[in-house]
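**Student:** Quick one: the structure is below, questions incoming.
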Amino acid sequence: MKLHLKKWLLASAISAALAGCAYDGQQASSLPQGVSLIEAVTQAENQVSIPYKKYQLANGLTVILHQDKSDPLVHVDVTYHVGSARELAGRSGFAHLFEHMMFQGSEHVADEQHFKVVTESGGTLNGTTNTDRTNYFETVPSNQLEKMLWLESDRMGFLLPALTDKKFEVQRETVKNERAQRIDNRPYGRLNERFNQALYPAGHPYSWPVIGWPEDLDRATANDVKHFFQRWYGPNNATLTIGGDFDEAQTLAWINQYFGEIPRGPEVKPDEKTSVTLDKTRYISMQDKVHLPLLYIGFPTVYAQHPDEAALDLLANILGGGKTSLIYKNLVKEGFAVQAGVSHPCQELACQLSLYAVANPAKGGNLADIETKVNQTIAEFEQRGVTDDDLQKVKVQFEADTIFGMQSVQGKVSTLAANQTFFGQPDMVASDLARYANVTKADVMRVFNTYIKNKPMVVMSIVPEGQTQLIAHADNFEPTVLPIAQDAVTGLTNIAFAKSSFDRNNMPASSAAPSLTVPQLWQAKLENGINVMGTESNETPTVELLIYLNGGHRLATLDKAGVADLTASMLNESSLKRSSEELAGALDMLGSTISFGASSEQSYIKVSSLTENLDATLALVEERLFSPGFLQADFDRVKQQAIQGLQHQLSDPNYIASSGFNELLYGRQSPMGISSNGTVASLSAMTLDDVKQYYQQQYRAGNAQMVVVSDLNQQQILPKLSVFSQWQGDATQVAKLPDVPVHPKNTIYLIDKPGAAQSVITIGKTSLIYDATGDYFKAYLMNYPLGGAFNSRINLNLREDKGYTYGARTMFVGAEDSGEFMAYASVRSDVTANALVEFVNEINAYQASGMSDDELNFMRSSIAQSQALEYETPYQKAGFLRMIQRYQLDKNFTQKQDEIVNNITTKELNQLASKLLNLDDMVMLVVGDKASIEPSLRALGYQVETVTLAQ
């Protein structure tokens, strides 16, 4: 199959991003002084690319500008070429810690103001760190661009005067909380850091974790952090990338004004790319609080953009890339593994071909057997070789992924920024497509022989605590402990401090908010009465089709909990005509995805396709939906995967907290009180006949509604959807929810998770059902300053002031006939009681006094302006349409919401807070290590009742 890219480019001519920005001939003489134009790249005919202009400031800052006028927003990204790879032995975690420090204010931006300014501007923001780079980014309405440049330049040039010991200590605690939440308290959380110690030689930049070793974080000082900033955060080690709707000349003037005076930092040279080799196969293992044994194998290979990278990616896909792969056939299909896959993740300095398999205890769960199966599969590949279909499917998938990746400005900006940072060439879309298109069968076999066949590897076993007999092989490797580097950084020379020629204390004003265009929707009905709602989106030649079926988990009886999920899983398997592998292969050849799923209140079918392949994709949907195979062998495998997957989730404190909270709110006699995943008991008793019966109840035309977003108009898309006109069946009635249980006051419910590094606190109650313009919407506004924004009262208290958590939130969630209010956070185990007290104090204070006028103004500004970001991608547009469809909203409901936001008073919102936030009506649940936290909880004066989840 060949993608008709020329047709796409002509059809999307209205999009500046894809039709090409004609170079406007701006000459160097018209540029701000000190700004040089390096290159201007426009859209080449018949080629997928991202047009841009690249500039450089006199201080070395690289600037990339990409115009996209399709939405009134801009995405700003500042990427520094520094990650954990720039750290030294015994000094790990600095790059990630500094990511946190960069949000704590600078000389001209007050503490916590960064989050407030961006949020109040209607934007979103974040920062991320990996081994090789740190980036900071904001997406805001286009009239807020200057303000973002002021913020980013101030922390690049003027951070250190505002960096205090107190800020450093709080953020160090926040990072420890992040580590506890994302690594220590998560099943298999320590896999990567342990594995990388074995794969990479001692002292290799990838041999320590990005988040850092706890002992390294403990020994860090504020001066160490300052030196790290001075060494790596200069403009000559940064790339500023802006995409979206902006005036180029004005933007360059602003960039030069705000960034041009920042002095260069020390010179930065690329890290050396040394080959990683192993002297022998290394075996390591660990016990973890998990249910399922896991085998993880890795072979060192090349580095990003190495000539062999593309062939190795194809090899990984053949070995373990989905249902058509050898690993799936031999491990998952045969029932030895619940999940398995192969990938070839690449970083700047090194790549690895990685294989994982989650063993199925029903087949013994012995990882030595899994390793044998893996080795047999690798040998089978050598005998089988590479087919034409192997090459074609990966190339088609890569092309399709490339096009889907261009649906957002952020996606394009991130691509430009990363490519410039690592390779000095912002747009590599066409060259990457060519790399994959040119891979041959011989290339794949050559890299197999070079990097995989008979080569040493690292084999890691993770087994449940106390089950060391399941380990693949006795450990034969211990990591070398290197001496701690005396200094946190090296090469810190010629440090100059920024001085400003203008007053940076004055935050730039914003121009008038951009006018918004809400997606223009159309409605129609198929011949059988199915409602279809759609809108046209011309930025990419793609189709997003979503079919929703009212019912979901709610349609099942309690003893059949989980049948909605299980039925959806079976519809992802074989049809009467083809096996699941054959269907997956057909989808791969189209670059399309079809996914059946289920939630509490609905089942759904999600379809993503290139427009030119829509007919063939819909034929596959038709086959799966109307001719399911419902084979006993598929059912036995899928059922076993569901049971083992559920038991795995029951080792996750966050899943336990979510399920336990719903169980307390709604009771075990309500479908809302039992997870849609089911229980071990209900899944174990499930039969194929149960699935067939549920299919007959759920997958009826009377239950269905459709949403479609495409570059095709209504007249073009509707005839294609006629394949669903044959669908028959009346709507199935969903039973009314039973009354909710009443709980005693002054009680904390505790679910024991022995040895947990964190406690998960959840506080809440049943509350308002969904509405778009009534009390539910107003409750969303009321909650915003309490716990709905990053700089809300609760998050600033528990995270920024106390350092108890990585994040704390409150929210209202509503559906047609149910709703909840909830406050939640994962906190350090040793401060569980203290954190609970802070939650209680904040909620009580807000219920009593409500928000201030300043908080009202902040909420108004943030929510009103954020609409510019809400309709950018086809999937966002589909979500907007679905909201109108599901809740039968007026097409103009957003205008009514605007009126409410602009006119509602603090008095009305505070009356709502008084009414809805009474703690006496709320349930308190804590999931954590009972032995260590129960005494302090009882000391608060609460009754503590230990509970367990329904099994």
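At position 351 of the sequence shown the residue is numbered 564 (the numbering used here), and the sequence of numbers has no breaks.
Heads up, the beta-carbon is just placed ideally off N, CA and C, and yes, glycines get one too.
1. Looking at C-alpha atoms only, which residue of Leu-796, Asn-390, Phe-472, Met-1035 is the closest neighbour of Ala-970?
2. Do Ala-298 and Tyr-419 have their C-beta atoms closer together than 8 Å?
3. Evaluate Ala-232 with the Cβ neighbour count: other Cβ atoms within 10 Å of its Cβ, from every protein chain shown; 16 or more gives buried, anything less gives exposed.
4. Below 8 Å on the Cβ atoms is my guess for Leu-789 versus Leu-833; work out the distance and round it to an integer in Å.
5. How would you write the range of the beta strand (DSSP E) that Ile-976 sits in, first residue to last?
6. Going straight from the alpha carbon of Ser-283 to that of Glu-752, what length do you get?
7. Mind reading off the beta-carbon distance from Ala-1077 to Asn-1115? Whole number of angstroms is fine, and I expect it under 8 Å.
8. Expressed to the nearest angstrom, what Euclidean distance is found between the alpha-carbon atoms of Gln-565 and Tyr-1037?
9. Suppose contacts are defined by Cβ-Cβ distances below 8 Å. Is Tyr-1100 in contact with Ala-914 by that definition?
10. Compute the Euclidean distance between the alpha carbons of Asp-458 and Gly-335, then round it to the nearest angstrom.
11. Applying the criterion that 16 or more other CB atoms from any shown protein chain within 10 Å of the CB defines a buried residue, is Phe-512 buried or exposed?
12. Hey, Asn-1010 and Glu-1068: beta-carbon distance below 8 Å or not?
13. Going by DSSP, name the residue or residues bridged to Met-919.
14. Taking 8 Å as the cut-off, does the region 452-468 touch the region 264-275 (at least 3 CB pairs, one atom from each stretch)?
15. For Gly-1016, which residues in the same chain have their Cβ closer than 6 Å to its Cβ, ignoring the five residues on either side in sequence?
16. Would you identify the three-state DSSP class for His-327, choosing helix, strand or coil?
17. Closest by CA to His-504, which one among Gly-987, Val-676, Leu-1125?
18. Does the region 522-536 come within contact of the region 872-880, defined as at least 3 CB pairs closer than 8 Å?
19. In this structure, how does DSSP classify Asn-573 when only helix, strand and coil are distinguished?
20. Quick test of your reading: Asn-744 and Gln-733, contact by CB under 8 Å. State the CB separation rounded to the nearest angstrom.
21. Rounded to whole angstroms, what is the Cα-Cα separation between Cys-234 and Ala-253?
22. With a threshold of 16 other CB atoms inside 10 Å of the CB of Asn-469, please say whether the residue is buried or exposed.
23. If you draw a straight line from the alpha carbon of Asn-1105 to that of Gln-853, how long is it in whole angstroms?
24. Tell me the DSSP secondary structure of Gly-238 in three-state form.
25. My assumption, with CB atoms under 8 Å, is that Val-607 sits in contact with Leu-729. Please give the rounded CB distance.
26. Measure how close the beta-carbons of Val-904 and Leu-779 come, nearest whole angstrom, since I'm counting them as under 8 Å.
27. Could you work out which residue in Met-499, Thr-706, Thr-1018, Asn-785 is closest to Ala-685 when comparing CA atoms only?
28. For Phe-1166, is the classification buried or exposed, using 16 other Cβ atoms within 10 angstroms of its Cβ as the cut-off for buried?
29. Going by DSSP in three states, Ala-298 sits in which element: helix, strand or coil?
30. Are Thr-332 and Asn-1004 touching if we call contact CB-CB under 8 Å?
31. Would the beta-carbon of Asp-801 fall within 8 Å of that of Gln-552?
32. Span of the alpha helix (DSSP H) holding Met-1072?
33. Closest by CA to Met-658, which one among Ile-531, Ala-572, Ile-540, Thr-585?
34. Please look up how many angstroms separate the CB atoms of Val-295 and Trp-426, rounded, as I've assumed it's under 8 Å.
35. Would you tell me roughly how many angstroms separate the C-alpha atoms of Leu-412 and Val-671, rounded to the nearest one?
36. Quick one: what's got a C-beta closer than 6 Å to Pro-422's C-beta in the same chain, skipping five residues either side?
**Tutor:** Taking the definition as stated:
1. The shortest Cα separation from Ala-970 among Leu-796, Asn-390, Phe-472, Met-1035 belongs to Asn-390.
2. Going by beta carbons, Ala-298 and Tyr-419 fall inside the 8 Å limit.
3. With a pLDDT of 30 at Ala-232, under the threshold of 50, the modelled position of that residue is not reliable, and the figure given next carries that caveat. With a 10 Å radius around the Cβ and a threshold of 16 neighbouring Cβ atoms, Ala-232 comes out buried.
4. Not confirmed; about 13 Å, so no contact.
5. Ile-976 -> beta strand (DSSP E) spans 971-979.
6. Looking at the backbone, the Cα of Ser-283 and that of Glu-752 are separated by about 8 Å.
7. About 7 Å separates the two Cβ atoms, so the contact holds.
8. Rounded to whole angstroms, Gln-565 to Tyr-1037 spans 38 Å at the Cα level.
9. No; because the gap between Cβ atoms is not below 8 Å, this pair is not in contact.
10. Within the model, the alpha-carbon separation for Asp-458 versus Gly-335 is close to 16 Å.
11. By the neighbour-count criterion, in which 16 or more other beta carbons inside 10 Å mark a residue as buried, Phe-512 falls on the buried side.
12. It is not a contact, given that the beta carbons lie outside the stated cut-off.
13. As DSSP reads the structure, Met-919 sits in a beta bridge with Val-745, Ile-760.
14. Contact between the region 264-275 and the region 452-468 is present, because at least three Cβ pairs lie under 8 Å.
15. Once the five neighbours on either side are set aside, the close Cβ partners of Gly-1016 are Val-383, Glu-386, Thr-387.
16. In the structure shown, His-327 sits in a helix (DSSP, three-state: H, G or I).
17. Looking at the Cα atoms, Val-676 is the closest of the given residues.
18. For the pair of segments examined, the region 522-536 was found not to touch the region 872-880: the number of CB pairs separated by less than 8 Å stays below three.
19. Here DSSP, grouped into helix, strand and coil, assigns Asn-573 to coil.
20. Actually they are not in contact, since the Cβ atoms of Asn-744 and Gln-733 sit about 17 Å apart, beyond 8 Å.
21. Here the model assigns Cys-234 a pLDDT of 36, short of 50, so the residue's position is not dependable, and the following value carries that caveat. Cα to Cα, Cys-234 sits roughly 10 Å from Ala-253.
22. Asn-469 is buried by the Cβ-count criterion.
23. Using only the alpha carbons, I get a separation of about 47 Å.
24. With a pLDDT of only 43 at Gly-238, under the threshold of 50, the placement of this residue in the model should not be trusted, and no figure is reported.
25. About 40 Å separates the CB atoms of Val-607 and Leu-729; that is not less than 8 Å, and the two are not in contact.
26. At roughly 6 Å, the Cβ-Cβ gap stays under 8 Å, so Val-904 and Leu-779 are in contact.
27. For Ala-685, the closest C-alpha among the options Met-499, Thr-706, Thr-1018, Asn-785 is that of Met-499.
28. What is shown of the chain runs 214 to 1164, which leaves residue 1166 out entirely.
29. Residue state, collapsed to three classes: helix.
30. Remark: C-beta atoms of Thr-332 and Asn-1004 approach each other more closely than 8 Å.
31. Against a cut-off of 8 Å, the Cβ pair of Gln-552 and Asp-801 comes out as no contact.
32. Start and end: 1066-1078.
33. With respect to the C-alpha of Met-658, the residue from Ile-531, Ala-572, Ile-540, Thr-585 having the closest C-alpha is Ile-531.
34. Actually they do not touch by this definition, with Cβ atoms about 18 Å apart.
35. Rounded to the nearest angstrom, the two C-alpha atoms are 6 Å apart.
36. Taking Pro-422 as the centre and dropping the five residues before and after it, the same chain places the C-beta of Glu-406 closer than 6 Å to its C-beta, in chain order.
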